[in-house]
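Start counting the sequence shown at 1; every next residue gets the next number (full-length UniProt numbering). The beta carbon of each residue, even a glycine, is placed where N, CA and C say it ideally should be. Quantities reported herein were computed from a predicted structural model and do not represent experimental measurements. Below: one structure, written as C-alpha cells.
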Amino acid sequence: MMVPINLVKMILRCVALLITLLLTAMIGNVIATNIDGVASATAAINFIMFVTVVSWIVCIVGIGAFFASVLANPMIQTPLDGAAVLFTLIGAIAVSAKLRMVDCGDIDAKKFPNDWIAWGSGSDEKRCRELQASAVFTWFLLVCFSGSLFFTLKGAREHLGGSFRAASRPSMSQLSSSV
C-alpha cells in the first residue's frame, strides 16, 4: 500500500511547524534572559531566530497549500522550501559550531573562550542546555525541510510533465531509421 505524497508532505510540514514552535520558544527564552552576551554569540542566536521566522512562513504557506490550491504551485513551494533548507542548514552549523561539544552540567570557565555562546545569562548551565536543545531541533527541522523539498521537487517534475532527461535523448525509432 503506497502512502500518498500529499499526506507525507502534510505530516512533514506539521512536524516542522511543531519543531518551529519549540525552537521559537527556546531561542526566545535565550534572548529574553540575555545579560551582556558577547556580540558574536548574540549574532548567532539572532540568526537562529531569523531561521525560525523563515520557518514559520514556509510552514504556514506549506500547510495553507493543502487548503488553497493557489499556494500549491511548485513555483511558490520550491523557492520557499529551498530557502528554508539553506537557512536552516546555515543556522544549524552556526549554532553547533559556536556551542561546541560540551557537558552543560560541568562548565569550566577555563575551557571556553570569553566569547562562548553560552556565556551571558544568570544561569549559564540553563542557557547551555537551551542552546543544545535548539541545535538539535534545528537539525531535526533541517531533516523535515529537506524531505519537504524532495517531495516538492518530485511533485514539480510530475506537474511539469515527467523527466527532463528523456527529452534530450533520441528515441529508439530515431536511432533505427538513421542506420
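Around the Cβ of residue i, are there at least 16 other Cβ atoms within 10 angstroms (buried) or fewer (exposed)?
{"i": "Arg-157", "result": "exposed"}
{"i": "Ala-135", "result": "buried"}
{"i": "Leu-7", "result": "exposed"}
{"i": "Ser-40", "result": "exposed"}
{"i": "Ala-166", "result": "For Ala-166, the pLDDT reaches just 49, beneath the cut-off of 50, and the residue's location in the model is therefore unreliable, leaving the point undetermined."}
If you draw a straight line from the C-alpha of residue i to the C-alpha of residue j, how long is it?
{"i": "Ile-60", "j": "Lys-126", "result": "31 angstroms"}
{"i": "residue 196", "j": "Thr-24", "result": "Outside the shown range of the chain, which is 1 to 179, sits residue 196, and nothing can be said about it."}
{"i": "Ser-148", "j": "Pro-74", "result": "12 angstroms"}
{"i": "Ala-109", "j": "Ala-97", "result": "18 angstroms"}
{"i": "Leu-153", "j": "Leu-18", "result": "23 angstroms"}
{"i": "Phe-137", "j": "Met-2", "result": "29 angstroms"}
Using only CA atoms, which one of the options lies nearest to residue i?
{"i": "Asp-36", "options": "Phe-150, Ser-123, Ser-69, Thr-138", "result": "Ser-123"}
{"i": "Leu-131", "options": "Phe-112, Leu-17, Ala-92", "result": "Ala-92"}
{"i": "Ile-76", "options": "Thr-88, Val-58, Leu-89", "result": "Val-58"}
{"i": "Ala-43", "options": "Gly-120, Leu-80, Ile-107, Val-3", "result": "Gly-120"}
Tell me, which residues are paired with residue i by DSSP?
{"i": "Asn-6", "result": "Asn-6 is not bridged to any residue."}
Query raised in the report: Within the chosen definition, does the stretch 67 to 75 reach the stretch 43 to 59 through at least 3 CB pairs nearer than 8 angstroms?
Result: no
Requested in this report: Could you tell me whether the stretch 73 to 87 touches the stretch 141 to 152, using the rule of 3 or more Cβ pairs below 8 angstroms?
Outcome: yes
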